[in-house]
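Protein chains in written order, with my numbering: chain D, 6 to 201; chain R, 6 to 201.
All C-beta atoms, glycine included, are put in the ideal place defined by N, C-alpha and C.
A quick write-up on the structure given underneath.
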DNA sequence: TCAACTCGTTGACATAGGTTAAGAGATTTC
DNA sequence: GAAATCTCTTAACCTATGTCAACGAGTTGA
């Protein structure tokens with residue numbers, strides 16, 4: 006696949022949701038920059054402003070936070086056709102509280118706040134797309150929050166593998182533990198229990 | 006205070022963030038309906054579509070979810086100048102998973118999806134206001150989520166009363182427990198511990 | 001190819017918070 | 001103003017998960 010092919014993934018994605026003209030497709034394609042990232046690389050980091058919004062074309066990423074005890078907490082794993090970033094930081098310029106790290110070699114389309122503003126001026130329709138995207142993020146997070154405080158770890162684990170079958174092949178187990186909000190030893194013990 | 010005064014709270018709120026003309030103020034004021042709600046009343050409920058978005062002018066509310074074990078979980082308490090609703094349901098018409106209940110007699114300005122769409126057509130500027138509102142909601146929820154999985158209940162309790170001083174006067178303790186994700190007995194025990 | 005890491009597992013013990021039950025004040029309701 | 005209901009507290013016991021330490025199997029790197 007070449008650059009044009011990768012960008013077509015994005016414009017197809019948008020077209021499916023909004024119906025955009027060929028001209029708009031070109032504007033969008035030229036507003037985004039194609040980047041590839043190596044395993045373990047950090048695309049943005051906690052403490053610095055996040056000036057990147059990412060549309061994943063290929064690969065796997067994790068978005069995580071390090072708390073003041075030094076513990077990591079995975080907020081989400083990202084796969085192809087996902088938007089990832091730290092919206093708060095991207096829009097306000099304040100330091101991010103999140104890290105975006107590559108788990109499997111990734112190809113993504115990225116944009117910075119200035120370019121995004123220009124793009125939105127040229128294709129105002131996209132306002133709606135991004136609003137829907139935020140809304141979706143919010144309702145996903147809300148569900149996750151409610152699940153986290155109302156169900157125990159085994160239930161959350163089963164829910165995760167049902168919702169994302171194959172995730173155990175893509176992501177090391179200690180990071181799944183971190184996503185579930187428990188320690189690797191606990192997940193290990195729990196899986197043993199579940200086998201009964 | 007009369008109806009016009011209450012609506013002025015909203016238009017002032019918006020003017021502070023967007024700079025709107027007198028004419029726009031009038032359109033906004035006439036798009037919202039003033040309602041008052043009695044203590045314990047439910048403004049919308051789980052299982053039914055939520056066709057109301059609320060701007061609180063006076064009073065206290067709680068937004069909560071009942072899980073499949075019948076346990077209630079408070080997502081947030083709402084105070085004057087807050088927007089409350091279930092965005093997912095409001096925008097898609099799908100059944101809500103949340104309940105909005107009045108804790109103290111409340112006066113609010115409400116709008117339904119159709120009226121809101123009309124309003125947005127008349128005053129497109131507001132798109133931005135609502136996008137900022139969602140973004141803010143998202144980053145608040147994200148912070149809350151990370152705190153919930155990285156800190157214990159006493160830390161979360163202290164954080165809450167520091168962030169919302171006076172909340173203990175406004176909200177019964179068992180609902181604060183529910184907000185913290187613990188049982189009333191645990192909060193009671195915890196407070197005793199903290200006195201040392 | 002040897003050394004150093006990384007990852008998952010196991011076991012023993014510690015602790016936060018859940019569960020159940022009871023009782024004492026407040027507050028609401030009729 | 002008596003009865004019913006709600007709210008908070010306490011206590012005893014239970015359970016899920018954390019913590020620490022050790023071990024073996026892979027994997028990575030010099």
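By how many angstroms is the C-alpha of residue j removed from the C-alpha of residue i?
i, j, result
"residue 129 (chain R)", "residue 156 (chain R)", "41 Å"
"residue 153 (chain R)", "residue 161 (chain R)", "7 Å"
"residue 84 (chain R)", "residue 181 (chain R)", "15 Å"
"residue 35 (chain R)", "residue 8 (chain R)", "11 Å"
"residue 174 (chain R)", "residue 47 (chain R)", "21 Å"
"residue 100 (chain R)", "residue 60 (chain R)", "21 Å"
"residue 71 (chain R)", "residue 172 (chain D)", "29 Å"
"residue 125 (chain R)", "residue 131 (chain R)", "6 Å"
"residue 63 (chain D)", "residue 11 (chain D)", "9 Å"
"residue 144 (chain R)", "residue 150 (chain D)", "13 Å"
"residue 122 (chain D)", "residue 176 (chain D)", "34 Å"
"residue 159 (chain R)", "residue 193 (chain D)", "28 Å"
"residue 89 (chain D)", "residue 73 (chain R)", "31 Å"
"residue 44 (chain D)", "residue 179 (chain D)", "17 Å"
"residue 136 (chain R)", "residue 170 (chain D)", "33 Å"
"residue 118 (chain R)", "residue 188 (chain D)", "43 Å"
"residue 82 (chain D)", "residue 50 (chain R)", "32 Å"
"residue 77 (chain R)", "residue 195 (chain R)", "20 Å"
"residue 138 (chain R)", "residue 167 (chain D)", "33 Å"
"residue 39 (chain R)", "residue 110 (chain D)", "54 Å"
"residue 115 (chain R)", "residue 164 (chain R)", "31 Å"
"residue 148 (chain D)", "residue 13 (chain D)", "31 Å"
"residue 113 (chain D)", "residue 24 (chain D)", "22 Å"
Could you give the DSSP three-state label for residue i: helix, strand or coil?
i, result
"residue 39 (chain R)", "strand"
"residue 189 (chain R)", "helix"
"residue 104 (chain R)", "strand"
"residue 83 (chain R)", "strand"
"residue 68 (chain D)", "strand"
"residue 14 (chain D)", "helix"
"residue 30 (chain R)", "helix"
"residue 197 (chain R)", "helix"
"residue 46 (chain D)", "coil"
"residue 63 (chain R)", "strand"
Per the contact definition of three or more C-beta pairs closer than 8 Å, is the region 92 to 105 of chain D in contact with the region 51 to 69 of chain D? Counting C-beta pairs closer than 8 Å gives three or more between the region 51 to 69 of chain D and the region 92 to 105 of chain D, which meets the contact rule.
Closer than 9 Å, Cβ to Cβ, to anything on chain R: give me those residues from the region 58 to 78 of chain D, in chain order. Within the region 58 to 78 of chain D, the residues whose Cβ lies closer than 9 Å to some Cβ of chain R are 70, 72, 73, 74, 76 and 78, listed in chain order.
With three or more beta-carbon pairs closer than 8 Å as the criterion, would you say the region 29 to 37 of chain R touches the region 10 to 17 of chain R? Using a Cβ-Cβ distance cut-off of 8 Å, the region 29 to 37 of chain R and the region 10 to 17 of chain R are in contact, since at least three pairs of beta carbons, one from each stretch, lie closer than that value.
Report the start-end ranges of each beta strand (DSSP E) in the region 88 to 164 of chain D that is 3 residues or longer and not cut off at the edges. Secondary structure remark: continuous beta strand (DSSP E) runs of at least 3 residues inside the region 88 to 164 of chain D, in chain order: 104 to 116.
Interfacial residues, the region 117 to 132 of chain D to chain R, with Cβ spacing under 8 Å: Here the close residues are 132.
Please list the residues of the region 149 to 168 of chain R that have a C-beta atom closer than 8 Å to any C-beta atom in chain D, keeping them in chain order. Within the region 149 to 168 of chain R, the residues whose Cβ lies closer than 8 Å to some Cβ of chain D are 149, 150, 151, 153, 154, 155 and 156, listed in chain order.
Does the region 183 to 200 of chain D come close enough to the region 102 to 110 of chain R to have 3 or more Cβ pairs within less than 8 Å? No, the region 183 to 200 of chain D is not in contact with the region 102 to 110 of chain R.
To be precise: take each residue of the region 85 to 111 of chain D, compare its Cβ to all Cβ atoms of chain R, and keep it if any distance is under 8 Å. Which residues remain? Residues 92, 93, 96 and 102.
Three-pair Cβ contact test at 8 Å for the region 104 to 120 of chain D versus the region 65 to 80 of chain D: Yes, they touch.
Contact set between the region 171 to 192 of chain R and chain D, restricted to residues whose Cβ is under 7 Å from the partner: Identification of residues in the region 171 to 192 of chain R having a C-beta nearer than 7 Å to some C-beta of chain D yields 186, given in sequence order.
Identify each residue in the region 17 to 28 of chain R for which the Cβ-Cβ distance to at least one residue of chain D is less than 8 Å, and report them in chain order. The region 17 to 28 of chain R vs chain D, Cβ under 8 Å: nothing.
Proximal residues, the region 137 to 149 of chain R versus chain D, C-beta separation under 9 Å: Interface annotation for the region 137 to 149 of chain R against chain D: 137, 139, 140, 141, 142, 143, 144, 146, 147, 148 and 149, criterion Cβ-Cβ distance under 9 Å.
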